[in-house]
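Student: Before I ask anything, here is the structure I am working with.
Numbering (my numbering), first residue to last: 150 to 236.
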């Protein structure tokens, strides 16, 4: 669950900047929102930061996102997204 928590912490730091409530794994709606966000982050243009990430940085980002996605699905198998690489 370390990758998932790292991902959520990163997203919550950005949400705080914009005055949004933090995401939590305790809420089914938040788990779905997290799944959708991971799915979006795994799209090729977002994964590579519009081509700015390459090599080891890109591999590390991909590994974090796919691991976080798998951990989230293990926690809640009913989630309706995560099409990139996970299904």
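All C-beta atoms in this analysis are idealised placements derived from N, C-alpha and C, irrespective of residue type, glycine included. All values derive from a computational prediction rather than experimental measurement.
Just checking my contact of residue 250 with residue 220 at CB under 8 Å: how many whole Å lie between their CB atoms?
Tutor: This structure cannot speak to residue 250, because the chain is shown only from 150 to 236.
Student: Less than 7 Å between the CB of residue 175 and some heavy atom of the ligand GDP, yes or no?
Tutor: Among the ligands in the structure shown, none appear at all, so the ligand GDP cannot be discussed.
Student: Taking only three categories from DSSP, how would you classify residue 169?
Tutor: As a first step, residue 169 is located in the chain shown; it is residue number 20 there, counting from the start. Note: residue 169 maps to coil in three-state DSSP.
Student: In this structure, how does DSSP classify residue 197 when only helix, strand and coil are distinguished?
Tutor: Here the question's residue 197 lines up with position 48 in the chain shown. Coil, per DSSP.
Student: Pull up the CB-CB distance for residue 186 and residue 160, whole angstroms please, since I reckon it's below 8 Å.
Tutor: If you number the chain shown from 1, residue 186 lands on position 37. If you number the chain shown from 1, residue 160 lands on position 11. Confirmed, about 6 Å.
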